[in-house]
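As you go down the protein sequences, you meet chains X and S in turn. Sequential numbering from 67 applies to the first sequence in this note's numbering. Sequential numbering from 67 applies to the second sequence in this note's numbering. All C-beta atoms, glycine included, are put in the ideal place defined by N, C-alpha and C.
Protein chains: 2
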Amino acid sequence: MTMSNTAGRRKPPTIHDVARVAGVSRGTVSRVLNGGHYVSPAAQEAVNAAIRKTGYVVNRHARSLITGRSDSIGFLLTEPQEKLFEDPNFNVLLRGCTQALAAHDIPLLLMLAGTEDERRRITRYITAGHVDGVLLVSSHSGDPVAEELREAGVPLVQCGKPMGLGSKVSYVAADDRDGARDMVRHLLSLGRRRIGVVTGPLDTPGGVERLAGYKEVLTDGGVEIDERLVVTGDYSRASGAAGAERLLERAPDMDAVFVASDLMAQGVLSALRRAGRRVPEDVSVGGFDDSPAATESAPALTTIRQPWDRISSEMVRVLLAQIGGDDPAAVILPTVLVRRDSA
Amino acid sequence: MTMSNTAGRRKPPTIHDVARVAGVSRGTVSRVLNGGHYVSPAAQEAVNAAIRKTGYVVNRHARSLITGRSDSIGFLLTEPQEKLFEDPNFNVLLRGCTQALAAHDIPLLLMLAGTEDERRRITRYITAGHVDGVLLVSSHSGDPVAEELREAGVPLVQCGKPMGLGSKVSYVAADDRDGARDMVRHLLSLGRRRIGVVTGPLDTPGGVERLAGYKEVLTDGGVEIDERLVVTGDYSRASGAAGAERLLERAPDMDAVFVASDLMAQGVLSALRRAGRRVPEDVSVGGFDDSPAATESAPALTTIRQPWDRISSEMVRVLLAQIGGDDPAAVILPTVLVRRDSA
DNA sequence: TTCTCTACTGTGAACGCTCACATACGCAGG
DNA sequence: CCTGCGTATGTGAGCGTTCACAGTAGAGAA
Numbered sequence: 067m068t069m070s071n072t073a074g075r076r077k078p079p080t081i082h083d084v085a086r087v088a089g090v091s092r093g094t095v096s097r098v099l100n101g102g103h104y105v106s107p108a109a110q111e112a113v114n115a116a117i118r119k120t121g122y123v124v125n126r127h128a129r130s131l132i133t134g135r136s137d138s139i140g141f142l143l144t145e146p147q148e149k150l151f152e153d154p155n156f157n158v159l160l161r162g163c164t165q166a167l168a169a170h171d172i173p174l175l176l177m178l179a180g181t182e183d184e185r186r187r188i189t190r191y192i193t194a195g196h197v198d199g200v201l202l203v204s205s206h207s208g209d210p211v212a213e214e215l216r217e218a219g220v221p222l223v224q225c226g227k228p229m230g231l232g233s234k235v236s237y238v239a240a241d242d243r244d245g246a247r248d249m250v251r252h253l254l255s256l257g258r259r260r261i262g263v264v265t266g267p268l269d270t271p272g273g274v275e276r277l278a279g280y281k282e283v284l285t286d287g288g289v290e291i292d293e294r295l296v297v298t299g300d301y302s303r304a305s306g307a308a309g310a311e312r313l314l315e316r317a318p319d320m321d322a323v324f325v326a327s328d329l330m331a332q333g334v335l336s337a338l339r340r341a342g343r344r345v346p347e348d349v350s351v352g353g354f355d356d357s358p359a360a361t362e363s364a365p366a367l368t369t370i371r372q373p374w375d376r377i378s379s380e381m382v383r384v385l386l387a388q389i390g391g392d393d394p395a396a397v398i399l400p401t402v403l404v405r406r407d408s409a
Numbered sequence: 067m068t069m070s071n072t073a074g075r076r077k078p079p080t081i082h083d084v085a086r087v088a089g090v091s092r093g094t095v096s097r098v099l100n101g102g103h104y105v106s107p108a109a110q111e112a113v114n115a116a117i118r119k120t121g122y123v124v125n126r127h128a129r130s131l132i133t134g135r136s137d138s139i140g141f142l143l144t145e146p147q148e149k150l151f152e153d154p155n156f157n158v159l160l161r162g163c164t165q166a167l168a169a170h171d172i173p174l175l176l177m178l179a180g181t182e183d184e185r186r187r188i189t190r191y192i193t194a195g196h197v198d199g200v201l202l203v204s205s206h207s208g209d210p211v212a213e214e215l216r217e218a219g220v221p222l223v224q225c226g227k228p229m230g231l232g233s234k235v236s237y238v239a240a241d242d243r244d245g246a247r248d249m250v251r252h253l254l255s256l257g258r259r260r261i262g263v264v265t266g267p268l269d270t271p272g273g274v275e276r277l278a279g280y281k282e283v284l285t286d287g288g289v290e291i292d293e294r295l296v297v298t299g300d301y302s303r304a305s306g307a308a309g310a311e312r313l314l315e316r317a318p319d320m321d322a323v324f325v326a327s328d329l330m331a332q333g334v335l336s337a338l339r340r341a342g343r344r345v346p347e348d349v350s351v352g353g354f355d356d357s358p359a360a361t362e363s364a365p366a367l368t369t370i371r372q373p374w375d376r377i378s379s380e381m382v383r384v385l386l387a388q389i390g391g392d393d394p395a396a397v398i399l400p401t402v403l404v405r406r407d408s409a
């Protein structure tokens with residue numbers, strides 16, 4: 067990393083310049099910059115005018131050097147990174163977090179830890195205090211990064227419920243179980259009784275919880291659980307198609323499928339079409355996520371909307387609170403059933 | 067932005083600690099950290115051992131304060147941000163840039179400038195010198211951000227050829243025109259003669275260039291340009307469907323379509339299906355991008371692959387070179403025709 | 001020897017900011 | 001009158017680096 071100084075950019079004004087122009091001291095300028103307590107209205111105004119006039123922008127490095135915080139936070143993805151391309155939710159989340167942080171004037175550092183090497187590098191970077199906190203996307207269980215960061219005392223908020231022991235780590239998640247309940251209840255209300263399910267990976271809380279909601283509602287509704295109607299996918303489109311094929315093979319009388327993600331549901335739709343089943347006439351299909359893909363499929367997917375915009379803003383809120391000294395917190399947000407054509 | 071210091075994180079070791087442990091001075095440690103010139107092998111080794119022992123990580127803020135560079139770069143998206151969700155290429159690009167930078171130990175700051183407010187805030191942030199350079203994604207013409215940053219002397223690399231006057235701004239782009247040529251040549255080789263085109267927005271270089279390639283090959287091949295076979299889309303799936311409908315209406319004898327993006331091509335495929343045309347029997351369809359969507363559609367899309375991984379790494383290379391003092395550079399990378407089922 | 005040159009090492013200053021402290025100015029109460 | 005207190009302001013120190021400069025030591029040349 068060798069970068070020489072760039073020619074043609076002139077030195078930006080410092081707090082000193084502002085103080086001189088405003089006719090006050092550095093201290094007063096600094097106080098105005100940091101909330102304006104103990105500053106007379108006259109000085110306040112003079113400083114603000116001087117800031118406008120000089121075009122002053124605070125030098126965050128100098129500030130960080132003394133405050134010990136970086137005023138920046140990391141967005142860390144430890145999933146294998148193909149997920150980045152397959153899952154549209156990731157985009158919504160990343161955008162939401164970036165904007166929520168921007169509102170606090172905090173830059174977001176994007177960190178991708180696909181390989182072991184990257185993981186080590188990033189862990190060092192974070193624990194060295196170069197970010198004040200971390201927004202973590204990592205649904206798989208046993209992720210050592212989360213544990214390592216937690217032990218190092220780095221403020222941390224996970225997206226989605228962590229699997230491990232209820233270790234004291236903050237997280238924000240949609241109510242997976244309740245969303246699944248809503249969908250399966252909806253399928254029941256349509257008169258369906260042979261309801262299949264394509265779950266997510268069962269080492270992810272989303273996979274487990276959505277399956278649990280499915281079983282709960284069926285049991286409560288007096289429908290017996292048939293394990294032939296339960297298959298596991300990995301949230302990919304292909305695994306959805308494969309899952310549907312397996313379901314049709316094991317339970318040809320299936321009249322509905324609850325699919326734990328929209329992407330998988332797209333695969334399910336293709337497989338059903340190939341098998342000659344009409345959706346929703348022969349088989350109702352319910353997805354999960356309300357991703358953009360949901361409206362693009364034919365027929366449009368009935369699905370469970372996860373409130374991604376709220377998830378991202380809550381993640382940021384919880385993280386900043388934790389950085390401010392609050393205890394870790396768990397936030398679970400309600401989902402919404404979105405009725406379209408597939409069920 | 068108020069963040070109190072977090073409890074429970076202890077002070078990281080400084081260059082002083084390393085020097086003490088290694089039995090040398092700060093200066094020597096600093097020299098080892100910055101390339102190790104004029105350091106004896108013995109001192110070198112002692113310092114490295116001390117670094118390992120103490121777990122020292124350089125404090126980038128202190129370094130930046132004196133060097134005047136931030137050793138971080140910004141990834142700036144000025145497109146309306148729905149593009150972020152619709153366009154899978156964006157993901158590939160973002161990931162590629164992050165990783166290419168990671169190899170240089172440079173963090174990437176994600177900046178989204180959707181609104182006017184955000185634009186101003188981000189421009190201030192950048193011109194204040196808080197990043198050493200900017201990777202810019204902004205295909206629309208007349209983007210004032212690019213101009214503003216250029217005037218401020220901020221090293222800048224655009225993704226895609228900028229529209230404006232050949233102003234001296236670096237960019238990295240795929241060879242749009244040549245890619246279009248390849249595809250249309252391919253369609254001609256299949257015996258198609260009534261070849262329609264759904265272009266991108268004509269205020270983007272991609273839109274213009276791909277259309278130019280299309281016209282070039284037809285003219286060279288002795289096929290007369292029929293303006294009824296030319297419609298303009300906006301890279302969205304919906305605009306592809308609408309475009310195909312308009313084409314069919316104006317030229318029912320169309321036997322092929324070159325679509326300027328895979329996403330639009332998906333819309334075209336749906337529209338053709340709805341109109342009862344078989345692909346590729348009745349109408350051949352050629353896309354552009356080779357996005358993940360290309361293999362997911364039915365039939366799988368014949369398309370032009372843009373070398374996104376190389377685009378991102380070249381963007382980073384060019385930007386770092388420019389930060390190092392090099393002149394702005396333009397890089398144009400070759401595309402590849404990927405034959406699948408749709409043509 | 002003495003002088004120069006090269007390779008290496010240590011030291012003080014400075015980067016731009018915040019924080020703790022000192023100070024100054026009313027204005028109340030004793 | 002002095003004391004005390006709350007508000008408002010200025011000042012010095014120091015955050016952890018790098019950089020320029022001043023050395024030091026040893027080798028080779030005069």
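Between residue i and chain S, is the shortest Cβ-Cβ distance under 8 Å, so that the two count as touching?
i, result
"serine 130 (chain X)", "yes"
"histidine 103 (chain X)", "no"
"glutamine 372 (chain X)", "no"
"proline 210 (chain X)", "no"
"proline 146 (chain X)", "no"
"proline 394 (chain X)", "no"
"threonine 126 (chain X)", "Going by the sequence as given, residue 126 (chain X) is arginine instead of threonine. Output row for arginine 126 (chain X): interface = yes."
"arginine 190 (chain X)", "yes"
Along the chain, where does the beta strand (DSSP E) containing residue i start, and where does it finish?
i, result
"glycine 257 (chain X)", "Looking at the DSSP string, glycine 257 (chain X) is not in any beta strand (DSSP E), and its letter there is neither H nor E."
"valine 238 (chain S)", "236–240"
"glycine 350 (chain X)", "According to the sequence provided, residue 350 (chain X) is serine. The question's glycine does not apply to it. From DSSP, the beta strand (DSSP E) with serine 350 (chain X) extends over 350–352."
"leucine 284 (chain X)", "Counting along the chain, leucine 284 (chain X) falls outside any beta strand (DSSP E), though it belongs to the alpha helix (DSSP H) covering 271–286."
"glycine 140 (chain X)", "139–143"
Find the residues of chain S that neighbour residue i, judging by a C-beta separation of less than 9 Å, and give them in chain order.
i, result
"glutamine 224 (chain X)", "Here the premise fails: no neighbours, minimum Cβ distance about 18 Å."
"arginine 97 (chain X)", "Correct list: empty, because the minimum Cβ distance to chain S is about 14 Å."
"histidine 82 (chain X)", "What histidine 82 (chain X) touches in chain S: nothing, since even the nearest Cβ is about 14 Å away."
"histidine 252 (chain X)", "In chain order: nothing, as chain S lies at least about 26 Å away."
In terms of residue numbering, what span does the alpha helix (DSSP H) encompassing residue i cover?
i, result
"alanine 115 (chain S)", "107–120"
"tyrosine 104 (chain S)", "Here tyrosine 104 (chain S) belongs to no alpha helix (DSSP H), and DSSP marks it neither H nor E."
"serine 378 (chain X)", "374–389"
"valine 98 (chain S)", "92–99"
"glycine 309 (chain X)", "303–316"
"isoleucine 132 (chain X)", "126–133"
If you run the structure through DSSP and keep just helix, strand and coil, what is residue i?
i, result
"glutamine 224 (chain S)", "strand"
"alanine 326 (chain S)", "coil"
"alanine 212 (chain X)", "helix"
"glycine 199 (chain S)", "strand"
"valine 402 (chain X)", "strand"
"serine 357 (chain X)", "coil"
"valine 397 (chain S)", "strand"
"methionine 320 (chain S)", "coil"
"proline 79 (chain X)", "coil"
So, is the C-beta of residue i closer than 8 Å to a C-beta in chain X?
i, result
"glycine 195 (chain S)", "yes"
"serine 378 (chain S)", "no"
"serine 408 (chain S)", "no"
"serine 305 (chain S)", "no"
"asparagine 114 (chain S)", "no"
"serine 350 (chain S)", "no"
"valine 123 (chain S)", "yes"
So which residues on chain X does residue i lean against when the C-beta distance must stay under 9 Å?
i, result
"glutamate 184 (chain S)", "Gln165, Ala168"
Can you pull the chain S residues whose beta carbon is under 7 Å from the beta carbon of residue i, in chain order?
i, result
"glutamate 362 (chain X)", "Arg303"
Could you pull the DSSP bridge partners for residue i from this structure?
i, result
"threonine 265 (chain X)", "X:Thr298"
"arginine 371 (chain S)", "S:Asp355, S:Val402"
"leucine 178 (chain S)", "S:Leu143"
Identify the contact partners of residue i in chain X, using a Cβ-Cβ distance below 7 Å as the criterion.
i, result
"valine 297 (chain S)", "Chain X residues near valine 297 (chain S): none, gap ~20 Å exceeds 7 Å."
What residues of chain X sit near residue i, judged by a beta carbon separation below 8 Å?
i, result
"serine 136 (chain S)", "His127"
"leucine 399 (chain S)", "Those within 8 Å of leucine 399 (chain S) in chain X number zero; the least Cβ separation is about 20 Å."
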